[in-house]
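J.: For the protein sequence lines, the chains are V and B, in the order given. Those letters in the first sequence? Residues 7 to 315, per my numbering, in order. Those letters in the second sequence? Residues 802 to 1305, per my numbering, in order. First, the structure itself, so that you have it in front of you.
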Amino acid sequence: MVNVLDVSFLYMVGQAILLAVLAPFIAGLIKKIKARLQNRRGPGIFQVYYDLHKLFLKDSVVSPTVSWIFSVAPFIYFAAALGAAALVPGLTSLMPEIGSRFVDLFMLLYLFVLGRFFLALASLDAGSSFGGMGGAREMFIAVLVEPAILLALLTVAFRTHSSGLTAMAGVGADESSALALIFAAAAFFIVLIAESSRIPVDNPDTHLELTMVHEGMVLEYSGRWLGMIVWATAIKELVLIILFSTFFLPWPIVGWSFSAKVVMLVGKILLCIAAITLVETVTNKMRLFKVPGFLAVAALLGLLAIVAQ
Amino acid sequence: MIKNFTVSVNNLRAAANACYSKSRHGLLAMFANDERPINGKFAIYCIFDGRNKKEMLLVKAVIDQHAPPEFPSLTPIIPAAAWFEREINDLFGLMPIDNTDLRPLVLHENWPLGVYPMRKDFDPRTVVPEAKKEFPMAHAHGEGVFEVPVGPIHAGIIEPGHFRFSQAGEAIIRLDAKLFFTHRGIEKTLEGMPIKRALFQVERICGACSVSHTLSFSQAVESVAKVEIPERAKLIRILIAELERLYNHVGDVGNLCAGLGFAVGTSNGARLKEYLMRLNETLTGNRFLRGMVVPGGVRNDLPGELLTQIAETIDKLEVDFIQLVELLQENDQFLDRVNTTGILPYQAAKELGVVGVAARASGVDYDLRRDKPYGGYEQIKFEVPLHRSGDVAARLWVRVDEALEATRIIRQMVTRIPVTAKKLKEPIPSIQPYSTGIGWSESPRGGNIHWLMMEEENRIYRYFVRSASYANWPALTVAVPGNILPDFPLINKSFELCYACLDR
């Protein structure tokens, strides 16, 4: 028993490190594909690594009015993202025999909430109008995102009668619940876009302060701390993509070899990236007050999925 | 034809009121002139639009140098006079009596009281001491109302401007703008400068409507010099001016997409604009089409092969541009953002004397090219697009229609230029000192109106520029309240206001 725990613990640490290292690559890939879709050449796919390298070499400029919250928030945000990366059923889902039984759906979700909570506090801390505005908008969106994400994931959890992520990931698709899965997948995809601050909810590439949500919230940060936030955001997005790929793009992989499973997972992640970039290209940002309607659709779809279950 | 009326300062309001009631587009420009070295008087000039084509009404009110430096404000009867009067108060120290808003406009809190830079006895090389005054911003009061200051330094490559929003949540209750941060004193610099050199200063008032400013300047000079420019020069000027309109409008359609995060529109707009700017460089050696228009005509000819190249570029561009526009017209997400956003009502546009695209999107049917024809526009056929809804969408569609109309005018010019006589330029003779002239042209943003008074040896005594953006900036503070803060960048972009055109 002790032995199994150790192995799975090491495994989770390994996965967290792996995802942390890969996350900037995925972020760069999204930027590159998006640029190509928009008739632009775009930055190189390793650009996010260079950006992080640059940011980590720089000092932070800190407003003299801030409290300790401002300085701990990036660390908590980063730790929460790293924790989520350890818990997400990525590689562990490929090897169910070592998957941890302690990994719970709610724990994963509330790690996200923890990070967001501290970032929103920090955004108010400096007292600048943009930070407060970004924080207020982020929370206003979060209120609607959280029920939707929960409903979508609960659809899967109900099927397995467990909120353990490993158990949830272990279940392949069966035809009886295909309808529920489609609803839940649509709901989760909308949430994925909102959570990763992308068009049509937010715009990660904008320089217009007045329209910013996530970027507005972190506007006061610079240097190393900003680097941590940028990195953590990339990790968080990758975790969400993996969640989506594992639960909502099911494929009967029972009996496949390990390498085939890895190829499958990578393929699903790429598919998911393609969908995100396509949405970012064909739509524009919606009016801020239409975002609740958009997210309500996600919550409704999640509810439908549970009913259809 | 310009009808001149000279009145004493006490009769200014009555005279202005009479002209205002007879005018079609109201007050076009209002400025002061320090004529103490000539006749011992200050003068206030008001230019009104006349009712019929080519007619403008100019009211000159004189203030004796020993009389109190004040004049009756026109703002209570003509809202469009507000900014002009504040500027006169700042730069000449002539106070408009009864103007309720005499906050500084051009000179900020660091400029000392009682120093009036546009008076003739102020040496432009003077270093003024740093003053520490207050700069009052307008704001709303009430429970839960808070302020959001933005700028003057912005995140993008934008000129400086400070905006103060009074907010109730995301809704904007009131907006005040503090502008004129980078005032260059071009009007002052031009004083005493020979017109040959002044050309280069005027050409650099603004990048995006460089041709229009130069055109207004040249026409003002030609009107005082009583020079009629050759036919070929007229047509080349029209061609160049329309190319300027085209590249601006095409670029602005793309820029608008950036305001709402529609990346395909942004990158395609930028691509098409670049395409045109490279054509500009081939034609004139300058991406902003500088160097072509000069007083008396144009500097260079456009030979047949260049005209063919223009026609080919325009043909290719038009196809791509129409595709881009169709992409926008069929996109519900996009339309949802632009429709009913940032409405400038007809009445406000009319009273504030709004010009150009912003006016024609709010139903004010006014275009200097058609209504006060200049430089050969009277001989060509073109439509002036008009929309009435006054929102971001209307300003966008006016731009689109005007861009397509510009391609038609350019094609007409391409066929007409080769059949005119080769002559490009008339010499500018010695100009009668202290004669005055007005030049105007319709830039991509609206009318640019220039007024000048000459002195000896073809030097400039006083120069005044009323740019399109100067007339339109106050409209922004009318169109924005009632919208939400994240929509401000979009509304701002739809007006496409220029900071440099204020800081002349």
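The beta-carbon is built from N, C-alpha and C at its ideal position, and this holds for glycine as well. These numbers were taken from a predicted model, which means no experiment stands behind them.
#1: Is the beta carbon of L1225 (chain B) closer than 7 Å to that of A1021 (chain B)?
#2: Let me know the secondary structure DSSP gives K1224 (chain B) once reduced to three states.
#3: How would you call D1288 (chain B), buried or exposed, if buried means at least 16 neighbouring beta carbons within 10 angstroms?
#4: Only counting the same chain, and skipping five residues up and downstream in sequence, which positions put a Cβ closer than 6 Å to that of P937 (chain B)?
#5: For the putative contact between I834 (chain B) and R1263 (chain B), defined by C-beta atoms under 8 Å, what is the C-beta separation to the nearest angstrom?
#6: Quick check: the Cα distance between E1257 (chain B) and H867 (chain B), rounded to an integer number of angstroms?
#7: For the alpha helix (DSSP H) containing D1053 (chain B), list its first residue and its last residue.
#8: Going by CA-CA distance only, name the one from V:A184, V:E226, V:L115 and V:Y83 that's closest to S135 (chain V).
#9: Give a yes or no on whether 7 Å exceeds the smallest Cβ distance from G957 (chain B) to chain V.
#10: Would K64 (chain V) count as contacting chain B if we go by Cβ distances under 7 Å?
#11: In chain B, which residues lie with their C-beta within 8 Å of the C-beta of E215 (chain V)?
#12: Less than 6 Å between C-beta atoms, sequence neighbours within five positions excluded: which residues of the same chain meet that for I39 (chain V)?
#13: At a Cβ threshold of 7 Å, is Q1124 (chain B) touching chain V?
#14: Have a look at B:N1049, B:G1157 and B:N818 and flag the residue whose alpha-carbon is nearest the alpha-carbon of R1170 (chain B).
#15: Is it a yes or a no for the segment 1263-1279 of chain B touching the segment 868-887 of chain B, going by three-plus beta-carbon pairs under 8 Å?
#16: In terms of alpha-carbon separation, which member of V:G273, V:M234, V:A314 and V:G222 lies closest to K60 (chain V)?
#17: Cβ of I247 (chain V) less than 7 Å from any chain B Cβ?
#18: Are at least three pairs of beta-carbons, each pair with one atom in the segment 229-244 of chain V and one in the segment 187-196 of chain V, less than 8 Å apart?
#19: Out of B:N1049, B:G1092, B:G1086 and B:L1090, state which residue places its alpha-carbon closest to the alpha-carbon of A1071 (chain B).
#20: Check whether the segment 207-226 of chain V and the segment 810-817 of chain B are in contact - that is, three or more C-beta pairs closer than 8 Å.
#21: Should S1068 (chain B) be flagged as near chain V, meaning a C-beta pair shorter than 7 Å?
#22: Could you confirm whether any beta carbon from chain V is found closer than 7 Å to the beta carbon of A1064 (chain B)?
#23: Only counting runs of 4 or more residues, tell me where the alpha helix (DSSP H) segments fall wholly within the segment 876-949 of chain B, in order along the chain.
#24: Closest by CA to S77 (chain V), which one among V:A128, V:F118 and V:F84?
#25: Measure from the alpha carbon of I878 (chain B) to the alpha carbon of each residue in B:L813, B:L859 and B:F893, then state which is nearest.
#26: Please state the DSSP three-state secondary structure of A1009 (chain B).
#27: For the putative contact between R1200 (chain B) and V1054 (chain B), defined by C-beta atoms under 8 Å, what is the C-beta separation to the nearest angstrom?
#28: Mind checking H826 (chain B): buried by the 16 CB within 10 Å criterion, or exposed?
#29: Using a Cβ-Cβ distance under 7 Å, would K291 (chain V) count as near chain B?
#30: Grouping DSSP H, G and I as helix and E and B as strand, with all else coil, what is S251 (chain V)?
#31: Mind checking if F982 (chain B) is an interface residue toward chain V, Cβ cutoff 7 Å exclusive?
#32: What residue from V:I75, V:A314, V:R204 and V:T172 has the CA that sits closest to L125 (chain V)'s CA?
#33: Name the residue from B:I1181, B:L1118 and B:Q1134 whose alpha carbon lies nearest to the alpha carbon of M1214 (chain B).
#34: Under a CB-based cut-off of 7 Å, is F1289 (chain B) close to chain V?
#35: CA-CA distance, V19 (chain V) and A90 (chain V)?
#36: Give me the chain B residues within the contact set of F3 (chain V), using Cβ-Cβ distance strictly less than 8 Å, ordered along the chain.
T.: The structure says:
#1: no
#2: coil
#3: buried
#4: R904
#5: Rather than Ile, the amino acid found at residue 834 (chain B) in this sequence is Asn. At roughly 5 Å, the Cβ-Cβ gap stays under 8 Å, so N834 (chain B) and R1263 (chain B) are in contact.
#6: 26 Å
#7: E1032 to G1060
#8: V:E226
#9: yes
#10: no
#11: V951, H955 and A956
#12: T283
#13: no
#14: B:G1157
#15: yes
#16: V:M234
#17: no
#18: no
#19: B:N1049
#20: no
#21: yes
#22: yes
#23: 882-893
#24: V:A128
#25: B:L813
#26: coil
#27: 6 Å
#28: buried
#29: yes
#30: helix
#31: no
#32: V:I75
#33: B:I1181
#34: yes
#35: 11 Å
#36: Nothing about residue 3 (chain V) can be reported from this structure: the residues present for chain V run from 7 to 315 only.
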